[in-house]
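See below for the structure under consideration.
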Amino acid sequence: MHNSYHRVGHGPHAVIVLHGWFGDAHAFGPMEVALDGAAFSYVFMDNRGYRGYRGYGGMRGAQGDYSMDEVARDALALADALGFATFSVVGHSMGAMALERLALLAPLRLRKLVAVAPVPCCGLTMDAAARALFLDASGNKQARRAIIARSTGGRLPATWLEWKAQYSWESADPAAFARYFLAWSDTDFSGEVMRAAPKLPLLALVGEHDPRFDAALMRRTYLAWYPQARLEVLGNAGHYPMNETPLALAASIEAFLTEKD
Numbered sequence: 020m021h022n023s024y025h026r027v028g029h030g031p032h033a034v035i036v037l038h039g040w041f042g043d044a045h046a047f048g049p050m051e052v053a054l055d056g057a058a059f060s061y062v063f064m065d066n067r068g069y070r071g072y073r074g075y076g077g078m079r080g081a082q083g084d085y086s087m088d089e090v091a092r093d094a095l096a097l098a099d100a101l102g103f104a105t106f107s108v109v110g111h112s113m114g115a116m117a118l119e120r121l122a123l124l125a126p127l128r129l130r131k132l133v134a135v136a137p138v139p140c141c142g143l144t145m146d147a148a149a150r151a152l153f154l155d156a157s158g159n160k161q162a163r164r165a166i167i168a169r170s171t172g173g174r175l176p177a178t179w180l181e182w183k184a185q186y187s188w189e190s191a192d193p194a195a196f197a198r199y200f201l202a203w204s205d206t207d208f209s210g211e212v213m214r215a216a217p218k219l220p221l222l223a224l225v226g227e228h229d230p231r232f233d234a235a236l237m238r239r240t241y242l243a244w245y246p247q248a249r250l251e252v253l254g255n256a257g258h259y260p261m262n263e264t265p266l267a268l269a270a271s272i273e274a275f276l277t278e279k280d
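Residue numbers for the sequence shown follow this note's numbering, so the first one is 20 and each next one is one higher.
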């Protein structure tokens with residue numbers, strides 16, 4: 020691995036961004052034009068360089084255990100390499116589960132947490148049909164398209180659904196993709212989180228059209244387990260607000276990060 024990464028801005032507040040199951044380091048691209056690079060240094064776990072998700076992008080073929088703990092430790096190694104003594108973390112979907120693991124590993128180094136359409140640290144129970152669809156997605160692009168359509172409320176253009184499925188298809192090894200599904204769906208370290216009760220400011224952001232990662236789930240998990248957590252529902256968004264409502268997502272993230280610690 021060479022020491023490269025995707026960075027937006029060089030401001031004093033460092034922010035590491037962890038992408039989701041269908042994403043890569045450039046998955047937040049549509050909102051980058053709205054980010055305040057004078058106030059923040061956004062560093063995206065780069066799929067094409069140092070310490071990216073193993074099995075994704077330029078890290079395709081890289082071996083690992085494809086666990087949330089591994090993603091969190093790689094993120095911490097990236098912060099060390101960049102000299103970030105303290106930093107905030109933004110995590111989307113499965114990246115938000117890795118964010119929670121990171122909060123357990125290095126709570127004194129973290130400033131704020133932003134969990135976007137997040138998978139909570141208890142994992143996710145699915146019925147047999149849904150689990151079969153998600154398992155099939157590693158080798159079936161149409162299964163990925165169906166998941167994307169469902170998770171955005173069945174309301175978005177077919178052309179975009181095809182694009183998003185293809186984007187995902189080109190971003191990850193099928194084997195790594197399958198292993199990461201098992202990691203985020205079957206992992207449960209909620210007991211550790213409840214015992215630690217991390218006293219870190221946390222914003223849970225969910226889209227109003229996300230049928231699974233919704234406000235009710237957030238109230239049962241993040242808001243119950245993090246004393247300083249709060250919830251915001253993004254209008255006109257489903258599971259991918261960085262694509263659906265990029266400017267609103269950027270505004271919510273930066274409003275939260277700029278509040279007094």
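Note that beta-carbon positions come from the ideal geometry of N, C-alpha and C, so glycine has one too.
With a Cβ-Cβ cutoff of 8 Å, do residue 40 and residue 113 count as a contact?
Result yes, Cβ atoms of residue 40 and residue 113 sit closer than 8 Å.
Using three-state DSSP, classify residue 44 as helix, strand or coil.
Coil, per DSSP.
Alpha carbon to alpha carbon, how far is residue 43 from residue 30? Give it in angstroms, no decimals.
23 Å
So, is the C-beta of residue 176 closer than 8 Å to a C-beta in chain D?
Of the protein chains in this structure there is only one, and it is not chain D.
DSSP-derived helix/strand/coil call for residue 174:
DSSP, read as helix, strand or coil, puts residue 174 in coil.
Between 143, 209 and 156, which has its C-alpha nearest residue 203's C-alpha?
143
From 167, 169 and 35, residue whose alpha carbon lies closest to that of residue 104
Restricting attention to 167, 169 and 35, the CA atom closest to the CA of residue 104 is found in 35.
Nearest by alpha-carbon distance to residue 125: which of 198, 95 and 138 is it?
95
Beta carbon of residue 110, beta carbon of residue 149: below 8 Å?
no
Flag this pair as yes or no: are the beta carbons of residue 260 and residue 226 separated by less than 8 Å?
yes
Quick one: grab the DSSP three-state call for residue 251.
Per DSSP, reduced to three states, the secondary structure at residue 251 is strand.
Helix, strand or coil for residue 101, going by three-state DSSP, please let me know.
helix
Are there 16 or more other CB atoms within 10 angstroms of the CB of residue 221, so buried, or fewer, so exposed?
buried
DSSP three-state label for residue 232, please.
coil
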